[in-house]
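Notes follow once the structure below has been shown.
2 protein chains.
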Amino acid sequence: METDSLPRREREKARQRRELLDAALELFSEKGYHHVSMNEIAQKSEFAVGTLYKFFKSKEELYKTLMTDLANRFHSELLEALEAKEDEIEKLQNWVRVGGEIFRTNASAIRLFLTEAQGAKFNLDAKFNSELFEIHKSKIESLKAVFASGIQKGRFIKIADPTLLAVALDSITRASLFLWLDSPDQYPYPENTEEILNILFKALIDPTAAFRLF
Amino acid sequence: METDSLPRREREKARQRRELLDAALELFSEKGYHHVSMNEIAQKSEFAVGTLYKFFKSKEELYKTLMTDLANRFHSELLEALEAKEDEIEKLQNWVRVGGEIFRTNASAIRLFLTEAQGAKFNLDAKFNSELFEIHKSKIESLKAVFASGIQKGRFIKIADPTLLAVALDSITRASLFLWLDSPDQYPYPENTEEILNILFKALIDPTAAFRLF
DNA sequence: CCAAAAAATGAATATTAATTCAAATTTTAT
DNA sequence: ATAAAATTTGAATTAATATTCATTTTTTGG
Numbered sequence: 000m001e002t003d004s005l006p007r008r009e010r011e012k013a014r015q016r017r018e019l020l021d022a023a024l025e026l027f028s029e030k031g032y033h034h035v036s037m038n039e040i041a042q043k044s045e046f047a048v049g050t051l052y053k054f055f056k057s058k059e060e061l062y063k064t065l066m067t068d069l070a071n072r073f074h075s076e077l078l079e080a081l082e083a084k085e086d087e088i089e090k091l092q093n094w095v096r097v098g099g100e101i102f103r104t105n106a107s108a109i110r111l112f113l114t115e116a117q118g119a120k121f122n123l124d125a126k127f128n129s130e131l132f133e134i135h136k137s138k139i140e141s142l143k144a145v146f147a148s149g150i151q152k153g154r155f156i157k158i159a160d161p162t163l164l165a166v167a168l169d170s171i172t173r174a175s176l177f178l179w180l181d182s183p184d185q186y187p188y189p190e191n192t193e194e195i196l197n198i199l200f201k202a203l204i205d206p207t208a209a210f211r212l213f
Numbered sequence: 000m001e002t003d004s005l006p007r008r009e010r011e012k013a014r015q016r017r018e019l020l021d022a023a024l025e026l027f028s029e030k031g032y033h034h035v036s037m038n039e040i041a042q043k044s045e046f047a048v049g050t051l052y053k054f055f056k057s058k059e060e061l062y063k064t065l066m067t068d069l070a071n072r073f074h075s076e077l078l079e080a081l082e083a084k085e086d087e088i089e090k091l092q093n094w095v096r097v098g099g100e101i102f103r104t105n106a107s108a109i110r111l112f113l114t115e116a117q118g119a120k121f122n123l124d125a126k127f128n129s130e131l132f133e134i135h136k137s138k139i140e141s142l143k144a145v146f147a148s149g150i151q152k153g154r155f156i157k158i159a160d161p162t163l164l165a166v167a168l169d170s171i172t173r174a175s176l177f178l179w180l181d182s183p184d185q186y187p188y189p190e191n192t193e194e195i196l197n198i199l200f201k202a203l204i205d206p207t208a209a210f211r212l213f
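Protein sequence lines correspond, in order, to chains W and G. Residue numbers for the first sequence follow numbering that gives the first Met the number 0, so the first one is 0 and each next one is one higher. Residue numbers for the second sequence follow numbering that gives the first Met the number 0, so the first one is 0 and each next one is one higher.
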């Protein structure tokens, strides 16, 4: 019995490692990298500090491992979502659905990716973070008002909730500019300005064929 | 002469303060909050460390001031962009345009908001950051392939470059899920799944009226 | 059951960097 | 020109916490 693949000791070690990573993830998600001490991680994972160094040679390595593992796991789940379907429209639907599932089931991990991020940056303190987040929300509100009034006047067709439209335009703009910032050669800038709005303005699928979806 | 608004001393102090903030911004943008020491900031701004504490009572306050100022400045520029136009479509066009300008002219500041963010988190080291960024790019590539093939097969209309479409879907999904994560009550989750794709699939403006734009 | 080997422990050490403050310098007023 | 006041300086202090390693505990094989 117990031939489950790895020698008992190895298996035990792997389990411990996972426990350690889980504890660390939870703490990092809550308080951010720099606000979590090795002693805290030791306490939460029920190891002694010294033992942590059996698994990772430094706090930084522990953190990097955590992040890279997560990124790879999420990435491969999304990839599977695309491969699971034949038709392009279904692929996209599946992508969004799986993305949502990942989000639901990994909320705290996602926070580690995003809470500190998303314009708010790492957790100096909650008050400050929410202050910045309020500015962001207020920006979304102004944009939302434009969509709402456009819809009301019949200038726009209501293809989605105004808030979602605002979030969409804001995030597309930011993401594409960021990509340009990262690789100005690969992703040219000026053309995008017009293209970005086309994503909202124009229909990706032929409206006359749209019924095929439902 | 020299009646430029504030007493000489006050004016001088304000100028110094701005110089200090500029130096700090540059350093933070390059290396991230926790990797910049007060001594570095002092050196770059050509003050002594002690003097920094004349302006801000702590490193944290210095940083917060920087971020809040930036956020407010960007926010009000974007707000003006909306208010400057009468028509909703022009408002949106102006928003995207001004957003791009802010990006161009504040690349390093934006990095402070985004580089550490955007899934990559704060700068432990460049190698690690780019490792995570590669995973992100690869995710975009998979999604891009779906759009490209959909367009090629005639399943999709080419309303924008496949890369931009991929970036758009990815960022809308993430942003809207994040909003839900932040305020589950205000922004319900499940409905969005379908709505998100509508942003791409459907046209916000009546195609028969589209010519009015050009 | 026993002793050698392996693993775990956490108090002590080392490091890094934020903050302070007595001394030096500059500015202002007479 | 002089001295009081204000400002600036940066070496020394303090604080926080990552890492080490001598000691203790647990496991293993005979």
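Think of the CB as a built atom: it goes at the ideal place given N, C-alpha and C, for glycine as much as any other residue. What you are looking at is a predicted structure, and each value in this text was computed from that prediction instead of being measured.
Can you give me the start and stop residues for the alpha helix (DSSP H) that residue i sits inside?
{"i": "W/S75", "result": "K58 to E82"}
{"i": "W/N93", "result": "E87 to T104"}
{"i": "G/Q185", "result": "Unbroken run through G/Q185: none, as it is neither H nor E."}
{"i": "W/A41", "result": "M37 to S44"}
{"i": "W/F54", "result": "V48 to F54"}
For residue i, which residues of its own chain have a beta-carbon under 7 Å away from its beta-carbon, when the five flanking residues on both sides are left out?
{"i": "W/K84", "result": "K90 and N93"}
{"i": "W/K58", "result": "M37"}
{"i": "W/F54", "result": "R16 and L19"}
{"i": "G/E76", "result": "V97 and I101"}
{"i": "G/S182", "result": "none"}
{"i": "G/A165", "result": "I139, L142, K143 and F146"}
{"i": "W/E39", "result": "L26"}
In chain order, what residues of the same chain lie with their CB nearer than 8 Å to the CB of residue i, ignoring the 5 residues before and after it?
{"i": "W/I195", "result": "L168, I171, T172 and S175"}
{"i": "G/A41", "result": "A47, V48, T50 and L51"}
{"i": "G/F27", "result": "V35, Y62, L65 and L111"}
{"i": "G/A159", "result": "A167"}
{"i": "W/I150", "result": "I156, K157 and P161"}
{"i": "G/E79", "result": "V97"}
Thinking just about the alpha-carbon of each residue, which of the options is nearest to the one in residue i?
{"i": "G/L178", "options": "W/I88, W/I156 and W/E140", "result": "W/E140"}
{"i": "G/R16", "options": "G/F27, G/R110, G/E45 and G/Y32", "result": "G/E45"}
{"i": "W/A108", "options": "W/A202, W/Y32 and W/F200", "result": "W/Y32"}
{"i": "W/R154", "options": "W/E133, W/R14, W/K136 and W/F200", "result": "W/F200"}
{"i": "G/A144", "options": "W/L81, W/E39 and W/T67", "result": "W/L81"}
{"i": "W/L180", "options": "G/T104, G/I156, G/K152 and G/I158", "result": "G/T104"}
{"i": "G/T99", "options": "W/T192, W/I198 and W/L203", "result": "The sequence as given places Gly at residue 99 of chain G; Thr does not occur at that position. Taking only the C-alpha atoms, the option nearest G/G99 is W/T192."}
{"i": "W/S133", "options": "G/K56, G/H74, G/P161 and G/S148", "result": "As written in the sequence, residue 133 of chain W is Glu, which differs from the Ser given in the question. For the residues G/K56, G/H74, G/P161 and G/S148, the minimum Cα distance to W/E133 belongs to G/H74."}
{"i": "G/E87", "options": "W/R14, W/E60 and W/P161", "result": "W/P161"}
{"i": "G/T67", "options": "W/I198, W/L69 and W/H135", "result": "W/H135"}
{"i": "G/P69", "options": "G/S137, G/K56, G/A106 and G/S148", "result": "Residue identity check: residue 69 of chain G is Leu in the sequence provided, not Pro. The candidate whose alpha carbon is nearest that of G/L69 is G/A106."}
{"i": "G/P187", "options": "W/N197, W/I204 and W/L163", "result": "W/L163"}
{"i": "G/N71", "options": "W/K152, W/I198, W/S137 and W/L203", "result": "W/S137"}
{"i": "W/E60", "options": "W/A23, W/I198, W/L203 and W/I204", "result": "W/A23"}
{"i": "G/K152", "options": "W/I198, W/S148 and W/I204", "result": "W/I204"}
{"i": "W/I198", "options": "G/V95, G/S148 and G/S129", "result": "G/V95"}
Can you list, in chain order, the residues of its chain whose CB lies under 6 Å from that of residue i, leaving out five sequence neighbours each side?
{"i": "W/D21", "result": "none"}
{"i": "W/Q185", "result": "none"}
{"i": "W/A13", "result": "none"}
{"i": "W/E1", "result": "Because the pLDDT of W/E1 is 38, which lies under 50, any placement of that residue in the model is unreliable, and the question is left without a value."}
{"i": "G/R8", "result": "none"}
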